[in-house]
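Engineer: Numbering of the sequence shown is given in this note's numbering, commencing with residue -4 and proceeding in unit increments.
Let me begin by handing over the structure; questions about it come next.
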Amino acid sequence: MFMGTTYNSIDDKNRMIVPSRLRNELGGSCVLTKGLDKCLYIYTTENWAKQMQKIERLPESDPKVRAFIRHFCANAVECEFDKQGRVVIPQELKSYAGIEKELVTMGAMSKIEVWSKETWDDPNNDSKMETEDFANALSEYNF
């Protein structure tokens, strides 16, 4: 299970260092793709396969499902770590997430999220909630 937050950056060749505590759980490779909320997701190859199994059960007759499959799968890339523990963020993914230099890398249970620091810190970022909002949202799930 991935957890914790690291502030890091990408270099001039679009390489980011995956923090060692997260990289150790990923093994020697991972899958990088567009996430939701204008961030990127990094999955272990095992968790990616589980996600693909879930997606395969969705009805492709639904245009929203087809759009989601395109969003999630079309730009997914398998990544190998170099000797310094870096992966290359392809330009399409970098642009999607608005990444220029500074990153926020966080564990999010079965995946890792990679955010542009500017997007994450934006006061209008709807992906962050106040404690009271969490309590209200989770109460809908009897949590």
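In this text, a Cβ means the ideal position worked out from N, Cα and C, and glycines have one as well.
Fair warning: this is a prediction, and the values are worked out from it, not measured in the lab.
What does the Cβ neighbour count give for residue 92, buried or exposed, with the cut at 16 atoms within 10 Å?
Structural biologist: buried
Engineer: Please classify residue 3: does DSSP put it in a helix, a strand, or coil?
Structural biologist: strand
Engineer: Kindly indicate the opening and closing residues of the alpha helix (DSSP H) around residue 21.
Structural biologist: 15 to 21
Engineer: Which of the three DSSP states is assigned to residue 68 in this structure?
Structural biologist: helix
Engineer: With a CB to CB cut of under 7 Å and the five nearest residues on each side skipped, what residues in its chain are close to residue 34?
Structural biologist: 92, 108, 109 and 110
Engineer: Does the stretch 8 to 23 come close enough to the stretch 96 to 106 to have 3 or more Cβ pairs within less than 8 Å?
Structural biologist: Enough Cβ pairs lie closer than 8 Å, so yes.
Engineer: Can you name, in chain order, every residue of its own chain whose Cβ lies under 7 Å from the Cβ of residue 88, other than the five neighbours on each side?
Structural biologist: The beta carbon of residue 88 lies closer than 7 Å to those of 27, 29, 35 and 70 in the same chain, with the five residues before and after it left out.
Engineer: With distances taken from CA atoms, which of 1, 73 and 10 is nearest residue 84?
Structural biologist: 10
Engineer: Along the chain, which unbroken stretches of the beta strand (DSSP E) at least 3 residues long are found entirely within the stretch 52 to 99?
Structural biologist: 72 to 75 and 81 to 83
Engineer: Considering only their Cβ atoms, is the gap separating residue 81 from residue 12 smaller than 8 Å?
Structural biologist: Cβ atoms of residue 12 and residue 81: closer than 8 Å.
Engineer: Residues in the same chain with beta-carbon distance under 8 Å from residue 165, minus the five sequence neighbours each way, listed in chain order, please.
Structural biologist: Residue coverage of the chain in this structure runs from -4 to 138, which leaves residue 165 outside it and unanswerable.
Engineer: Could you pull the start and end residues of the alpha helix (DSSP H) that residue 112 belongs to?
Structural biologist: Counting along the chain, residue 112 sits inside the alpha helix (DSSP H) bounded by residues 112 to 116.
Engineer: From this set, 2, 32 and 62, which residue's C-alpha is nearest residue 120's C-alpha?
Structural biologist: Of 2, 32 and 62, the residue nearest in Cα terms is 32.
Engineer: Quick check on the burial criterion: 16 or more other C-beta atoms within 10 angstroms. Buried or exposed for residue -3?
Structural biologist: buried
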